[in-house]
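Going by this note's numbering, the first residue of the sequence shown is number 1204, and it counts up by one from there. Glycine included, every Cβ here is placed at the ideal spot set by N, Cα and C. Here the structure is a predicted model, which is why all the values come from computation and not from measurement.
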Amino acid sequence: MKKDLLHLGELSREDFRMLMDRALAMKARRRLGIVDRPFAGKVMGMVFDKASTRTRVSFESAWARLGGHPMFLSTGATQMSRSEPVKDTARVLSRYIDVLVIRTYAQDLIEEFAKWSSIPVINALSDRFHPCQILSDLLTVVEMKGGFDKLNDLKFAWVGDGNNVAQSWINAAGVLGFSLMLACPEGYDPDGDVLALAEERSPGRVKVVRSPEEAMADADVVYTDVWASMGQEEEQKKREKDFKGFCVDEAGMKLAAKDALVLHCLPAHRGEEITDGVMESHPELWDQAENKMHMHAALLDCLVNK
């Protein structure tokens, strides 16, 4: 792998396989009670500008359980809030810590940190991409659907906004070549350049449609996300109208494969993008959430310890 993880389009198929294999191995060792300390004496910096439950706790837990010290920061608590250039902050932090995890708004900010840092930089979420989420989601699919080599036999369905999570799914489909059908309301499509790159790499494997039913038909994995993401709260009422019908419900799931997985990056707005009944009948959602910790451990191990 390259030094940083900025978006999944930068990875190779071999990188994906390596991360899946490493995460499964580390998860198995943990389940056996084997204690590893590869990060002893090392510090992980975390710069978070957005609220977080699963991403923050899974990264901190992964690092701490493997012997390292996590250090949480917010931009407002650093000199960046007083206009210190990113390139100055990045070069200084590179002298103090071993890896930097950033969860923020602008993708450009993460890329600037990576440009000036001598340590690995990980995108833990931006408005454009959410690569770590999809890596852990793919780990769940690999575990439950027969392994890494079975991915290309599966149909993935996305129901909802063409947001950062959707765009990371598109990145992954472009590299790995699995079938991905995204049902998005008019005006909420993923970015054209993200779609174009996937089409260039894996022609005909990614398709945007307007019907959730079309996307969910015979799907092996059904995925959804909130209608209004962080920073879009003022659009909630409009989106409730625009996204009417874009709900993963019991009727839609009858169209999917009988053993279809339901995944959601969480938190869920039950009764909007997914029903309470579907949530409660698909326990893999909680395995998916747990797998963030195991994938983050593997990602950190690969980037920091090579």
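- Counting other Cβ atoms within 10 Å of its Cβ, G1279 stays below 16 and is therefore classed as exposed.
- In this structure, the beta-carbon distance from A1401 to N1374 falls below 9 angstroms.
- D1479 and H1485 have their C-alpha atoms roughly 10 angstroms apart.
- Residue range 1272 to 1276 is occupied by the beta strand (DSSP E) that includes P1273.
- If you draw a 10 Å sphere on the C-beta of Q1370, you find 16 or more other C-beta atoms in it, and that means buried.
- Between the alpha carbons of V1289 and P1273 lies a gap of roughly 21 angstroms.
- Within the same chain, Q1336, V1368, D1428 come within 6 angstroms of C1468 by CB-CB distance, once the 5 residues on both sides are set aside.
- Rounded to whole angstroms, the separation of the alpha carbons of E1416 and V1465 is 15 angstroms.
- If you draw a 10 Å sphere on the C-beta of N1326, you find 16 or more other C-beta atoms in it, and that means buried.
- The continuous beta strand (DSSP E) containing K1410 extends over residues 1409 to 1412.
- Of the candidates D1301, M1433, S1255, A1454, D1301 places its Cα closest to the Cα of L1503.
- A check of alpha carbon separations from A1500 across V1344, R1268, K1457 identifies R1268 as the nearest.
- Residues R1306 of the same chain have their beta carbon placed closer than 6 angstroms to that of L1328, with the five preceding and five following residues left out of the count.
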